[in-house]
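The block underneath contains the structure these notes are about, expressed in structure tokens.
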Amino acid sequence: MPALDEILRERLEWLDEQQLRRRPRQSWRQTASEIIRDGKRFISFSCNDYLGLSHHPDVMQAAVDATGTYGAGAGASRLITGEHPLYAELEQALAEWQGVEAACVFGSGYLANLGTITALMEKDDLILADRLAHACMIDGARLSGSAFKRFAHNDIAHLESLLKAHRAAHRHCLILTESVFSMDGDRAPLAELAALAKAYDAWLLVDGAHEIDKHHPERSEGSRASDGDPSPLAQNDRNIVVGTLSKTLGSYGGYVCGSKMLVEYLKSTARPLIFTTALPPGVIAGALAALAVLRVHPEWAAAPLEKAQLFTERAGLPAAQSAIVPVVLGEAEAALSASRLLEAEGFLVSAIRPPTVPLGTSRLRLTFCTQHQDADIERVAVMVRKIRGQ
Ligand SMILES: *Cc1c(COP(=O)(O)O)cnc(C)c1O
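Positions in the sequence shown are counted from 1; adding 19 to them yields the working numbering.
As structure tokens, then:
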């Protein structure tokens, strides 16, 4: 038998041939919107730190203070001795922010999705996921052992046909979607999904990792039933919202929002919560401080969408629905060379290729944050116009 390294070299060569080899590039963030790479400074349109809270002085100081007082690591899992009092404070603050009964913090957004899906779903059950749902939901669905099918992106009619055909043969059914899709920046029709879940006695899990405005997927423009109506997700106890502490809140970790019963149940059954070390106190304190900043400045949450819309207007693209804007260019090489062109002008804009996105839809993906200067956005928009041949 060949040695392990020999086998791995062959596999890596195959990945190289398929243009699938990934090489992380050393980078560090100087401010919310500026990155240093290879000794050069870039304006980044590739971070998910939408409000720049990772670099807010209060957030940084809170992380430093908690680390100085309580140490760098948690020492054990939450269920052993890692349940620092800051956890209860953070879960209370998250529940209040989201307007739900309770929240449960996980080690990351990835683990929150994986842990919730596998805790709820078993072999006899059915999971239906949007075609573009994030990898961590797909991994959770596979690990659960449930029957698993995907519906066409945001296609309510296709989802309903799957429910009609398959729901009755299974005990429980869970529908998976994102509120803002991470590679496309568009929004799920949450009111319609919630109504369909109710009609077919299914549960609905919405990943709100890229929500900014109060982090309420159900309050988002375009998915609100109508002003003044109760939120489509809060109306009943079949809906679950998952979020991350690592994007809008600038820290690290993930969380699940729902009823007290759901949170109680997850703490006893979600394996990615039970069998992993608790978050470091400094990380929890950072997220708490970020929530405190947002309470004082709720108006900040509107800026990333406004910046994204300034960009789409100037670049001649359809109006942005969120802080994420895709510029689809087609072949991987087109996206890569566009990214290099922008890099030469001092802008970091990531090229996204298959398998992250479907074949033939390679793209630039831009994310906008509160700290972006309008002049920089306008310069990038002019370049994108040129790249698209306009
Ligand atoms: C980033 C992301 C996650 C993972 O969150 P982490 O806290 O980074 O693990 C989950 N779902 C979606 C849609 C995301 O974009």
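Ideal Cβ placement from N, Cα and C applies to all residues, glycine included.
Residue i, DSSP secondary structure in three states
i	result
residue 274	strand
residue 90	coil
residue 345	strand
residue 192	strand
residue 61	strand
residue 197	strand
residue 67	coil
Sub-7 Å separation of residue i and residue j beta-carbons
i	j	result
residue 389	residue 71	yes
residue 376	residue 202	yes
residue 170	residue 151	no
residue 223	residue 216	yes
residue 264	residue 306	yes
residue 372	residue 358	no
residue 334	residue 403	yes
residue 194	residue 159	no
residue 348	residue 368	no
residue 51	residue 68	yes
residue 164	residue 142	yes
residue 227	residue 204	no
residue 73	residue 269	yes
residue 320	residue 232	yes
Buried/exposed call for residue i, threshold 16 Cβ in 10 Å
i	result
residue 240	Note on residue 240: pLDDT 40, under 50, position unreliable in the model; the coordinate value appears next. It counts as exposed.
residue 75	buried
residue 316	exposed
residue 87	exposed
residue 323	buried
residue 41	exposed
residue 246	Note that residue 246 scores a pLDDT of 38, beneath 50, so its modelled location is shaky; the value from the coordinates is reported in the next line. When all chains shown are included, residue 246 counts as exposed.
residue 140	buried
residue 117	buried
residue 83	exposed
residue 299	buried
residue 110	buried
residue 340	buried
residue 401	exposed
residue 283	exposed
Contact belief for residue i with residue j at Cβ below 8 Å, rounded distance in angstroms
i	j	result
residue 396	residue 360	That belief does not hold up - the Cβ atoms of residue 396 and residue 360 are roughly 17 Å apart, past 8 Å.
residue 61	residue 387	The pair is not a contact, with the Cβ atoms about 15 Å apart (cut-off 8 Å).
residue 225	residue 260	5 Å
residue 346	residue 383	4 Å
residue 218	residue 77	The Cβ separation is near 45 Å, so there is no contact.
residue 391	residue 326	5 Å
residue 145	residue 172	Not really, about 19 Å apart at Cβ, beyond 8 Å.
residue 408	residue 290	Going by Cβ atoms, the distance from residue 408 to residue 290 rounds to 51 Å, so no, they are not a contact pair.
residue 102	residue 149	At roughly 34 Å, the Cβ-Cβ gap does not stay under 8 Å, so residue 102 and residue 149 are not in contact.
Minimum Cβ-Cβ distance from residue i to chain C less than 7 Å
i	result
residue 280	The structure shown contains no chain C; it is built from a single protein chain.
Item to check | At least 3 beta-carbon pairs within less than 8 Å: the stretch 351-359 vs the stretch 291-303 | outcome: no
Next on the checklist: Could you check whether the stretch 52-67 touches the stretch 23-39, counting it as contact only if at least three pairs of C-beta atoms, one from each stretch, sit closer than 8 Å?
Outcome noted: no
Next on the checklist: So, does the stretch 176-188 touch the stretch 120-139, judging by three or more C-beta pairs under 8 Å?
Outcome noted: no
Next on the checklist: Whether or not the stretch 178-189 and the stretch 126-138 are in contact is what I'm after, with contact meaning three or more pairs of Cβ atoms, one per stretch, closer than 8 Å; do they touch?
Outcome noted: no
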